[in-house]
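Everything below concerns the one structure shown next.
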Amino acid sequence: GARTAAINISSEIFEFPPPWPSTDRYIGKGYEFFTVGGKKMSTSKGAGIGFAKSTDYAPAQLLRYMLTKTRPHAALDFNPSGTNAVILLYDRYDKDERIYHGKEKLENKDELAKIKRIFEFSHIGKIGKMPHQVSFLHCAITIQAAITTKRAIELLKKTGHIPKKISKEELAYVEDRLDFARKWVNNFAEEQFKFQLKDRVDVKVPANIKKSLLILAELMKKNKYNEKSLYEEFYNICEKTDVEPKEFFMWSYKVLTGKEQGPRLAPFILTVGKDKVIKLFKQL
């Protein structure tokens with residue numbers, strides 16, 4: 003393939019040794035394939051993406067992390083389209099970042115040393131202090147609700163995901179993640195991760211569900227909530243109105259977005275704004 007041809011050109015035409023693990027005659031044991039959804043990348047079939055282009059969709063340190071975390075001599079299978087692979091990659095990176103900075107404990111010393119080494123290989127130069135982490139999925143939800151990065155930052159400050167006073171460097175880190183989240187939503191995300199808040203209710207809701215959503219609207223109007231307390235309130239309402247939580251969540255999504263499922267309901271409501279949600283529920 004391309005690697006074999008490149009070795010021949012390097013050694014026979016330019017008389018230059020090919021990069022490790024190849025020699026002038028063999029590809030070498032360390033060489034393996036990138037696969038996309040189990041299929042090998044193929045430039046002739048247009049399947050794949052160049053590394054220079056890949057940094058348009060993910061930060062360089064995340065890509066290096068993905069490479070260094072994959073064990074040697076193993077094919078690296080990664081498919082950003084129509085899967086939650088990107089979300090899981092960011093979650094793993096964030097977890098290891100917390101471990102590296104001592105924000106999350108890991109008792110296994112060998113595993114700790116391994117994670118720290120991988121994290122160091124993922125970065126060029128000195129690693130700065132622990133940034134303010136906002137999960138990639140929450141960034142994807144926020145950027146869809148806010149439309150602009152500026153408005154998204156305002157929402158993240160309002161919901162307490164980032165402090166109101168934040169340094170330029172830390173702010174730039176969050177803005178970059180919001181930008182990558184927007185690109186992921188626009189180019190790769192499954193439909194379940196995409197949403198648009200409706201401006202009117204166009205579904206017929208069962209009486210018991212209607213009652214539970216109207217109760218929620220009244221409670222949100224009177225009280226202040228964070229993600230945890232609002233999530234707990236959902237179950238309190240379900241218990242009072244004898245509604246199955248599964249049905250409560252499904253109809254909430256249908257009223258708000260027209261879909262039967264979506265992002266976690268509590269942070270979603272707080273992100274798009276309680277007032278907008280109350281207005282929709284009052285239309286029932």
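Quick note on my numbering: the sequence shown kicks off at 3 and runs consecutively.
Cβ atoms here follow ideal geometry from the backbone N, Cα and C, with glycine treated the same way.
For the options Pro247, Phe182, Gly260, the alpha carbon positioned closest to that of Leu199 is the one of Gly260.
Considering only Tyr67, Tyr175, Lys167, Ile117, the residue with the shortest C-alpha distance to Gln135 is Tyr175. Under the 8 angstroms Cβ criterion, the segment 88-99 counts as touching the segment 53-70, having at least three qualifying pairs.
Straight through space, the alpha carbons of Leu157 and Val205 are spaced by roughly 29 angstroms. Counting only runs that start and end inside the segment 111-174, the alpha helix (DSSP H) elements of at least 4 residues fall at 111-123, 138-148, 151-160. Within its own chain, the residues whose Cβ lies closer than 8 angstroms to the Cβ of Ala8, once the five positions on either side in sequence are excluded, are Pro20, listed in chain order. When only Cα atoms are considered, Leu65 and Phe197 end up about 27 angstroms apart. Contact between the segment 163-180 and the segment 211-219 is absent: fewer than three C-beta pairs spanning the two stretches fall below 8 angstroms. If you draw a straight line from the Cα of Leu114 to the Cα of Gly162, it comes to about 30 angstroms. Excluding its 5 nearest sequence neighbours in each direction, Pro247 has C-beta neighbours in its own chain below 8 angstroms: Phe236, Tyr237, Cys240, listed in chain order. Non-local C-beta neighbours of Thr273 in its own chain, meaning closer than 7 angstroms and more than five positions away in sequence, comprise Ile143, Thr144, Ala147, Leu157, Thr161, ordered along the chain. Boundaries for Ile11: no alpha helix (DSSP H) harbours it, and the DSSP string shows neither H nor E there. In this model, Ala268 and Asn10 are separated by some 58 angstroms (Cα to Cα).
When DSSP states are grouped into helix, strand and coil, Asn188 belongs to the helix group.
Ranking Gly130, Leu258, Lys223 by CA distance to the CA of Glu171 puts Gly130 first. By the C-beta density criterion, Pro133 is buried, having at least 16 other C-beta atoms within 10 angstroms.
For a cut-off of 8 angstroms, the C-beta gap from Tyr67 to Tyr102 is around 11 angstroms, too long to register as a contact. The Cβ neighbour count for Lys256, taken over all protein chains shown within 10 Å, is at least 16; the residue is labelled buried.
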